[in-house]
Amino acid sequence: KDRSKKVFYYRYQDVFESMQNELTSHHIPFETTIEDDGTKTFYVIVDAFYFDNAGACNAKALSMHKKPFLADKALRIFILVVFFVATLFSLTGYIVTNFFK
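Start counting the sequence shown at 1; every next residue gets the next number (my numbering).
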């Protein structure tokens, strides 16, 4: 097992490309490999000497492509509507019980 190399892997091409751009801008040498076994996996290989700097580049690349908490737009709208309806019912109940005794 070669411990002089460290590997980062990605499932999404945009994150992979951001990582490549970050490594290039920090002048860190790297190699890339793409494995296509049904789902594409993108690998970035760096020397262990550059691992700390590459880890910072990895964190920056991942932070630029955060996925939303609720990815589906219809689900997001449904959750918001349910929240507002529940808030409306609770406010209505509060007003009715406290002001109309």
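A virtual CB, placed ideally from N, CA and C, is assigned to each residue, including glycine. In this text the structure is predicted, and so the values were computed from the model without any measurement.
DSSP beta-bridge partners of residue i
i, result
"Asp37", "Thr39"
"Lys5", "Asp47"
"Phe30", "Val46"
Host alpha helix (DSSP H) of residue i (start-end)
i, result
"Tyr94", "Lys73 to Phe99"
"Phe51", "Phe51 to Ser63"
"Phe16", "Gln13 to Ser25"
Whole-Å CB distance - residue i paired with residue j, under 8 Å assumed
i, j, result
"Ala71", "Ser4", "The pair is not a contact, with the Cβ atoms about 38 Å apart (cut-off 8 Å)."
"Gln20", "Thr32", "7 Å"
"Ser25", "Met64", "Their Cβ separation, rounded to whole angstroms, is 13 Å, which puts Ser25 and Met64 out of contact at 8 Å."
"Ala61", "Val15", "6 Å"
"Val46", "Phe69", "That belief does not hold up - the Cβ atoms of Val46 and Phe69 are roughly 31 Å apart, past 8 Å."
Residue i burial status per 10 Å Cβ neighbour count (16 or more: buried)
i, result
"Leu23", "buried"
"Tyr10", "buried"
"Ala59", "exposed"
"Ala86", "exposed"
Among the options, nearest to residue i - alpha-carbon criterion
i, options, result
"Val7", "His26, Thr41 and Ser25", "Thr41"
"Cys57", "Val44, Lys67 and Pro68", "Val44"
"Glu35", "Tyr12, Ala54, Asn53 and Ser90", "Tyr12"
"Asp52", "Asn98, Thr97, Ile28 and Ile79", "Ile28"
The ligand MG heavy atom lying under 7 Å from the CB of residue i
i, result
"Phe8", "Although the ligand MG was asked about, the structure shown includes no ligands whatsoever."
Neighbour flag for residue i against chain C, beta carbons, 8 Å
i, result
"Glu35", "Among the chains of the structure shown, chain C does not appear; only one protein chain is present."
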